[in-house]
Amino acid sequence: MSYTAPLPWTLDSLDLDRIDLSRIRHNEDMFFLLCSSSFVESGSDLYTQNLIDHFAGDQELQIWLSQHWEHEELQHGRALAAYVRTVWPEFDWDSGFKAFWNEYGAVCTAEQLEPSRGLELAARCVVETGTASLYRALNEITDEPVLKQLTHHIKSDEVRHYKHFYQHYQVYREREGFGRYKVFRAILRRVREVKREDSDIALRHVFNLCYPHHLGNETEFRRISDRAQGLLRRHIPAEMTVKMLLKPLDLPARLQNSLQKPLARIAKKLFLH
Ligand SMILES: [Fe+2]
Ligand SMILES: [Fe+2]
């Protein structure tokens, strides 16, 4: 399948020369968050094929995955990598990514997908909720204008991805007829997985390259990653995150409203360690 559809924004629209280094370069937490995100996004093609194969016969979804979604995720990776390279040129992004890729590739297997297509779509909504919340938080944290623009673009893409997966989820829910409890379990499983794997592996590889003398030092790794995740946690849009996570459950309005507040309190921990 060839790629023909235009992307909503492109790398050329980012003027990396305009980066205000004084507003970002000193911030090690942001370096860790941006660099680990650039690894995960750049590794998108590791699992895209699994996902496309999972929806064999559903040509509409397969075309969207291969011609829109994958390109947009990879562009997120390219744009973030370009930003990181410009602001922190001393960091060897290629070596870090290569090490990440080797480990991440081994955990991205088809067995990880939900066997039911509809439940996998609910799980995809979880992943897009995580990224939409992440980039919205990064957008709020930074006052560096180029990063502000970039995180805004990426956040909008992630919200659009969520909506697209959700639309297809609704069709499959009707078709497969699974109940709310199964959806709830699938959501929970994916939340745990995102937390355990993606960001943790990426952060470790950024850490290993930055602090080779602390290689294998779990305490030091936790100190650095907890600090970066703490910054993120303070800015996670809790209400939006909970609303997006609960939506596939299609709860009665009154129940949804009563869950919204208590869950918003724990939402900040959902995708973080
Ligand atoms: Fe993305
Ligand atoms: Fe996405």
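So in our numbering, the last spot in the sequence shown is 276, and the numbers never skip.
We put the CB at the ideal spot given by N, CA and C, even for glycine.
Leucine 83 sits away from serine 136, with the two beta carbons spaced by 9 Å or more.
One thing to note: histidine 164 has its Cβ within 9 Å of the Cβ of glutamate 75. Contact between valine 209 and serine 39 holds: CB atoms are separated by about 5 Å, below the 8 Å threshold.
Taking a 10 Å sphere around the C-beta of leucine 258, we find fewer than 16 other C-beta atoms and assign the residue as exposed.
Taking 8 Å as the cut-off, one finds at least one heavy atom of ligand 1 near enough to the beta carbon of histidine 79. Comparing alpha carbon positions, the residue from Leu77, Glu117 and Leu266 closest to arginine 193 is Glu117. Proline 11 is classed as exposed because its beta carbon has fewer than 16 other beta carbons within 10 Å across all chains shown. Ligand 2 has a heavy atom closer than 8 Å to the beta-carbon of valine 130. If you draw a 10 Å sphere on the C-beta of glutamine 62, you find fewer than 16 other C-beta atoms in it, and that means exposed. The beta-carbon distance between isoleucine 204 and leucine 248, rounded to whole angstroms, is 23 Å. This is too long to meet the 8 Å contact definition. Checking the 8 Å criterion, the Cβ of glutamate 161 is within range of a heavy atom belonging to ligand 1. Separation of the CB atoms of aspartate 160 and histidine 79 is rounded to 7 Å, and the pair is thereby assigned contact status at 8 Å. Annotated as proximal: phenylalanine 224 and arginine 207, with beta-carbon spacing under 9 Å. Residues of the same chain with a CB within less than 7 Å of the CB of alanine 125, apart from the 5 flanking positions on each side, are Tyr172, Val186, Ala189, Ile190 and Pro251 in chain order.
From the listed residues Arg237, Glu177 and Cys213, the smallest Cα separation to isoleucine 227 is found for Cys213.
At a cut-off of 8 Å, the beta-carbon of glutamate 73 does not count as near ligand 1: no heavy atom of the ligand is closer than that. Here serine 45 is near phenylalanine 100, since their CB atoms are less than 9 Å apart. In terms of side-chain proximity, the C-beta atom of threonine 134 is found nearer than 8 Å to a non-hydrogen atom of ligand 2.
Here the C-alpha atom of threonine 244 lies approximately 26 Å from the C-alpha atom of valine 110. Per the coordinates, the alpha-carbon of leucine 266 lies some 16 Å from the alpha-carbon of histidine 238. Taking 9 Å as the cut-off, the Cβ atoms of leucine 19 and tyrosine 86 count as close. Counting along the chain, leucine 235 sits inside the alpha helix (DSSP H) bounded by residues 221–236.
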